[in-house]
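Taking it in order: structure first as C-alpha cells, then the write-up.
Number of protein chains: 2
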Amino acid sequence: MAQKSNILVVDDEDTICEVLKLNLELAGYNVDTANSAEAAMKMQLSDYDLFIIDVMMGEMNGFDFASKIRSTEALKDVPIIICTAKDSEDDLIDGFSRGVDDYIKKPFSIRELIARIKSLLRRTKFESNEVFLTYQTLMVDIEKKSCSIDGEEVLLTKKEFEILKLFLQNRGRIFSREEILDKVWENDVLVIDRTIDVNINRLRKKLKQYGNNIITKLGYGYGFKD
Amino acid sequence: MAQKSNILVVDDEDTICEVLKLNLELAGYNVDTANSAEAAMKMQLSDYDLFIIDVMMGEMNGFDFASKIRSTEALKDVPIIICTAKDSEDDLIDGFSRGVDDYIKKPFSIRELIARIKSLLRRTKFESNEVFLTYQTLMVDIEKKSCSIDGEEVLLTKKEFEILKLFLQNRGRIFSREEILDKVWENDVLVIDRTIDVNINRLRKKLKQYGNNIITKLGYGYGFKD
DNA sequence: TTAAAACGTTACATGTTTGTTATTTTTAAT
DNA sequence: ATTAAAAATAACAAACATGTAACGTTTTAA
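Protein chains in written order, with numbering that gives the first Met the number 0: chain W, 0 to 225; chain B, 0 to 225.
If you want it as C-alpha cells, here you go:
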C-alpha cells in the first residue's frame, strides 16, 4: 500500500507556509506546517518523512532545530532541507556540518524544491539494514565486509564491495554513473566516468559466474540482474 | 505517519501475539493477529502493510506462508519479517532466498523490532506507483529502464524508452514534435523533425501488438492511444 | 623504505544508437 | 479520383557508449 510521504514545513511566514503546503500537496505529499521551531517541537515529529526548515525564525533558529532533529535517535535519518534568504557560504557549510541534507535559497522555484525532495526521499530508500545480501550462492556480509561465492571467499576492494552492495540492495534498479559516484565515492571526489566502467569490470571478473549479472543499460548505467 | 500502517502478526503462541499487538499498537500501528498460516490465509491480506510471521507453526510453516505472500501479485512488495527461535545459518539463507525482508530471533527486543518495522515501511512507502507504467500486458519499469510485453523483455534504446515513458505518463495526450524534442532530447541538441518520425517508427516496430497504440495525429504529432 | 595493492586514467577497438537523406506510402481536401 | 502535404520506411553514415588492456599514481602494510 503506497502511502504519501509526510512533510513538515517550519517557517515563521504564513505566506511561505501556505504556498509550500499548496504546491507540495499538489505534488502528492501530505504537508503540515509550524510557525516556529518551538511549535514544531510540540508536534509528533516521528510522523514526518522530511523536514523543510527556514533558517531565520524566532528564538530557535533553523539550524538549531535541525540539530535537535539529528540528535534524536528516531529522527536521525530523516532528511532535512534548510531554506533561507541568506546565501553566505558560511551558512551553507554550517548547515551541512550539522547534518542538513540540502539547502535552498529564497526565492526558490517550486519545481526545484520538489526535485530535491524527490531525490532525498529516494535516497533514504537506498539505506537498508539487511546484514546479509544474497543472490543464489553469492553472499555479501555487510558487517564483515566480505563476499563469498559457493562458500568460498572472494576478495573485493572497497570500491568493488560498495558497488556490489549498492546493486544488491536495489536489485534490478539501474544506476547512472552519477548515482554510483554519489553513493560509492566520497562526496567531492571528482573522477571521470570511465573510472566507474573500469571498476565495474574488475568487479565483474571477480564475481565469476555472477559477473554477467551486472548488466549494462546502454545510455543509462549499470545494475544487477534480478 | 499520519496514516497508521496495518500489521498482521501470525504466530501460534497467543502470548506472543498479545505482547506484539500491545506493543506495536503503543508504537502507533494497527495490529491484527492470526494463530496459524491457515487462519491468516482466510484474512484479507491486501489490507496489510507488513507481515510478522513465526517460522514454527502448525501445518504450514512461516517460510511457506511467506512464499505464498511473495507469489501473490498484489502482495509481492509487502515487507515480511520472519521471527524464530532457530538461528542456524541455513534457515537464514533459506528465508532470504524466499524473499523475506528481515529476520529476527526470539527472544527479541521490541525496540529492535520496531526499528526494523520502521525501516521496512519507510523503504516500501516510496516505491510509488510511478515506477511502473502499464498498458494491458505492456509494462515499463522506470527504475530498471526496461520494458516488457506479455512478460517478455523488449529491448529499447534510450530514446525509444524515453519516448514511450513520456507517452505512457500522459496517455491520450498528443505531443508535437517540438514537445517531444524538449522532453526526450537534450536541451540544445538540434535535430530535424524527421528524426522523431524515425524514432517513433523504430519504437512502433519493437512494441509489436502495441505498435499502433502510438497514434499519429496528422499535422500535430504523436501520442499513445488510451 | 620498499613492495604490493588499490585506484584512476588513457587510448583504442568494438558494437550500438542515432541522425540524415532519399524514396515510398498514406492521408485529407478538393 | 487527383493532388499536395504529411508521414513511414529503408539504407547508410556519423556519433556515441562501452569494454578492455596497459600504464601511472596513490595508499597501505610490512
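Think of the CB as a built atom: it goes at the ideal place given N, C-alpha and C, for glycine as much as any other residue.
key: Within chain W, the residues that residue 142/B reaches when beta carbons sit closer than 9 Å   = Listed along chain W are 169, 171, 172, 173 and 222, each with a C-beta nearer than 9 Å to that of residue 142/B.
message = Under 8 Å: do the region 55–67 of chain B and the region 29–42 of chain B share three or more Cβ pairs, one atom per stretch?
response = yes
request  = Would you verify that the beta carbon of residue 157/B is, or is not, closer than 8 Å to some beta carbon of chain W?
outcome  = yes
task = For residue 7/W, count neighbouring C-beta atoms within 10 Å of its own C-beta (all shown protein chains included) and say buried if the count is 16 or more, exposed if not.
result = buried
ask   = Taking the C-alpha atoms as reference points, what is the distance between residue 88/W and residue 74/B?
value = Only weak support exists for where residue 88/W lies, its pLDDT of 45 falling under 50; the value from the coordinates is given anyway. Whole-angstrom Cα-Cα distance: 48 Å.
inquiry  = When you compare the CB positions of residue 49/W and residue 120/W, do they come within less than 8 Å of one another, or not?
reply    = yes
task = Using only alpha-carbon positions, find the residue among 200/W, 172/W, 78/W and 116/W that is nearest to residue 27/W.
result = 116/W
query = Whose Cβ in chain B lies nearer than 7 Å to the Cβ of residue 219/W?
reply = Within chain B, the residues near residue 219/W are 144 and 157.
request  = Mind the definition here: the region 177–194 of chain B touches the region 145–165 of chain B only if three or more C-beta pairs lie below 8 Å; say whether that holds.
outcome  = yes
task = Have a look at residue 210/W and residue 223/W and give me their C-alpha separation to the nearest angstrom.
result = If you take the alpha carbons of residue 210/W and residue 223/W, they lie about 10 Å apart.
ask   = For the beta strand (DSSP E) that contains residue 29/W, what are its first and last residues?
value = For residue 29/W, the enclosing beta strand (DSSP E) covers residues 29–33.
inquiry  = What does the alpha-carbon distance come out to for the pair residue 150/B and residue 25/B?
reply    = 43 Å
Of the residues 82/B, 23/B, 29/B and 71/B, the one placed nearest residue 10/B, counting alpha carbons only = Residue 82/B is the option with its Cα nearest to residue 10/B.
message = For residue 91/B, count the other beta carbons within 10 Å of its own beta carbon; 16 or more makes it buried, fewer makes it exposed. Which is it?
response = The predicted model places residue 91/B with a pLDDT of 48, which falls under 50 and marks its position as unreliable; any figure quoted below should be read in that light. Residue 91/B should be labelled buried.
Residue 143/B versus 217/W, 16/W and 134/W, residue with shortest Cα-Cα distance = 217/W
ask   = Just how far apart, CA to CA, sit residue 206/W and residue 170/W?
value = Cα-Cα distance, rounded: 16 Å.
inquiry  = Let me check understanding here. Comparing Cα to Cα, which of 113/B, 43/B and 70/B lies closest to residue 21/B?
reply    = Of the listed residues, the one whose Cα sits closest to residue 21/B is 113/B.
Interfacial residues, the region 189–211 of chain W to chain B, with Cβ spacing under 8 Å = none
message = Here's the rule: buried if 16 or more other CB atoms are within 10 angstroms of the residue's CB, otherwise exposed. What is residue 138/W?
response = buried
ask   = For a contact meaning CB atoms closer than 7 Å, what does residue 216/W contact in chain B?
value = 144
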